[in-house]
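What follows is a short report on a single structure.
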Amino acid sequence: MTVPIVFDYHAVRQHRTRSVLLQNTLTPLLEATADILLDRLDDVSRRFTSALDIGGRGFIAKALLQRDIPVISLDCCPAQTQQAPSLAVCSDMDILPFKAHSFDLVIAHLALHWANDLPGILRQIRHILQPDGLFLASLPIVPTLQPLRAALENAELALRGGVSPRVSPLPTHYSCVTLMQRAGFALPIIDREILDLRYRSLRALIADLRAAGETNALALRARTSPPRELFAYAAAELESTAEGHFAVPLHMAILLGWAPDP
114 MTVPIVFDYH
124 AVRQHRTRSV
134 LLQNTLTPLL
144 EATADILLDR
154 LDDVSRRFTS
164 ALDIGGRGFI
174 AKALLQRDIP
184 VISLDCCPAQ
194 TQQAPSLAVC
204 SDMDILPFKA
214 HSFDLVIAHL
224 ALHWANDLPG
234 ILRQIRHILQ
244 PDGLFLASLP
254 IVPTLQPLRA
264 ALENAELALR
274 GGVSPRVSPL
284 PTHYSCVTLM
294 QRAGFALPII
304 DREILDLRYR
314 SLRALIADLR
324 AAGETNALAL
334 RARTSPPREL
344 FAYAAAELES
354 TAEGHFAVPL
364 HMAILLGWAP
374 DP
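Sequential numbering of the sequence shown, starting at 114, is according to the numbering used here.
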């Protein structure tokens, strides 16, 4: 089966490379989201001896080492692998270069939404897990960034009479349930967490997206510069609230599942 190319991995790597120098401005948010994920791990009573951290920006690997869990980190960006406090591997998100049953724990923190083949990467994760190994992940889901998407679409419709893809597609909570079942994980649990993020300006929101490496990397994105007025129109819509700020909540699905074991 041919996998559609949704994301331009060259752009993804560029954005994540740029974010290395900027993500310290988001440390409280990145630590808070990592803690949400690791709270689930701390609820598990078993002992883990070999972990894979996918896209954890150094935060997850550091936390695992503090828990005395040996860990290898993986990222598609060489500069991000240098943030890892232990051994790290650079590879695209669609290919996991590990043999079967290599790990008893795989954690993917806010990373798998850049995979072109999300069902395939989940099957690969189950393949590299040892029997009774644990998979734990966080994924941004719909309606994350919906206010930004709507404001940009309304602005572009007003200026051009059409829209361009500017915000990445995200899975839904229900689709995460289906994906975990299709990948063959046992006892899957999919929770939802919402972080209430608020901004006073569109400029501040875009600055945070850049710092997180989360700006537009769609393969079908427009390659020409947007109209000069586009972001001014979008900002006027977002910033028109009486409260002086607008909400852009981060909706996360927390995925937990086990590799089957007789």
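Ideal Cβ placement from N, Cα and C applies to all residues, glycine included.
For G233, report the span of its alpha helix (DSSP H) as first-last. By 1-based counting over the sequence shown, the position of residue 233 is 120. DSSP places G233 inside the alpha helix (DSSP H), whose first and last residues are 231 to 241.
Identify the continuous alpha helix (DSSP H) that holds D152 and give its terminal residues. Mapped onto the sequence shown, residue 152 falls at position 39. Run containing D152: 140 to 155, per the alpha helix (DSSP H) assignment.
Distance, Cα to Cα, S425 vs R316? Lying before the first or after the last residue shown, residue 425 is absent from the chain, which here runs from 114 to 375.
Would you report the Cα separation of P260 and D374, rounded to the nearest angstrom? Within the sequence shown, the letter at position 147 stands for residue 260. Within the sequence shown, the letter at position 261 stands for residue 374. Taking the straight line from one Cα to the other gives about 43 angstroms.
Out of L139, A228, P198, which one is the CA nearest neighbour of P284? Counted from its first residue, the sequence shown places residue 284 at position 171. The candidate whose alpha carbon is nearest that of P284 is A228.
Check whether G233 and P301 have beta carbons under 8 angstroms apart: Here residue 233 corresponds to residue number 120 of the sequence shown, with the count starting at 1. Here residue 301 corresponds to residue number 188 of the sequence shown, with the count starting at 1. Going by C-beta atoms, G233 is not nearer than 8 angstroms to P301.
Which word fits R160, buried or exposed, when buried means at least 16 other C-beta atoms lie within 10 angstroms of its C-beta? The residue you call residue 160 lines up with position 47 of the sequence shown. Counting the other CB atoms within 10 Å of its CB gives R160 a total below 16, which places it among the exposed residues.
Report the residue from F216, M365, A348, N137 whose alpha carbon sits nearest the alpha carbon of N267. The residue given as residue 267 occupies position 154 in the sequence shown. The candidate whose alpha carbon is nearest that of N267 is A348.
Residues that V184 bridges to, as DSSP identifies them: On the sequence shown, position 71 is the one that residue 184 refers to. Answer by DSSP bridge pairing, in chain order: A164.
Using the three-state DSSP reduction, which class does A332 fall into: helix, strand or coil? Here residue 332 refers to the residue found at position 219 when the sequence shown is read from its first residue. Three-state result, A332: coil.
Identify which residue in L139, D217, S132 has its Cα closest to the Cα of D166. Counted from its first residue, the sequence shown places residue 166 at position 53. Of the listed residues, the one whose Cα sits closest to D166 is D217.
H364 to A147 span [Cα, whole Å]: Position 251 of the sequence shown holds residue 364. Position 34 of the sequence shown holds residue 147. One C-alpha to the other measures close to 14 angstroms.
Using the three-state DSSP reduction, which class does R273 fall into: helix, strand or coil? Here the question's residue 273 lines up with position 160 in the sequence shown. When secondary structure is reduced to three states using DSSP, R273 falls in the helix class.
Buried versus exposed call for T354 [16 or more other C-beta atoms within 10 Å across all chains shown]: By one-based count along the sequence shown, residue 354 stands at place 241. With fewer than 16 other Cβ atoms within 10 Å, it is exposed.
For the beta strand (DSSP E) holding D217, just list the boundary residues, first then last. For the purposes of this step, residue 217 is taken as residue 104 along the sequence shown, with counting starting at 1. Looking at the DSSP string, the run of the beta strand (DSSP E) that includes D217 is 216 to 222.
Figure out for me which residue from L318, L270, T328, A174 has the closest Cα to the Cα of E342. On the sequence shown, residue 342 is found 229 positions in, with the first residue counted as 1. Considering only alpha carbons, the answer is L270.
Name the one or two DSSP bridge partners that S251 has. Here the question's residue 251 lines up with position 138 in the sequence shown. The bridge partners DSSP lists for S251 are H222, I367.
My understanding is that V381 touches P210, with C-beta atoms under 8 angstroms, so please give their C-beta distance in whole angstroms. Not covered by the structure: residue 381. The range shown for the chain is 114 to 375.
Could you give the distance in angstroms between the alpha-carbon of P381 and the alpha-carbon of I118? The structure shown does not extend to residue 381, since the chain is modelled only from 114 through 375, so no value can be given for it.
Which partner residues does L308 have in the DSSP bridge list? For the purposes of this step, residue 308 is taken as residue 195 along the sequence shown, with counting starting at 1. Beta-bridge pairing links L308 to L363.
Between T162 and A324, how many whole angstroms is the CB-CB distance? I'm expecting something under 8 angstroms. On the sequence shown, position 49 is the one that residue 162 refers to. On the sequence shown, position 211 is the one that residue 324 refers to. Actually they do not touch by this definition, with Cβ atoms about 34 angstroms apart.
Would you report the Cα separation of R305 and D245, rounded to the nearest angstrom? Here the question's residue 305 lines up with position 192 in the sequence shown. Here the question's residue 245 lines up with position 132 in the sequence shown. Roughly 24 angstroms between the two C-alpha positions.
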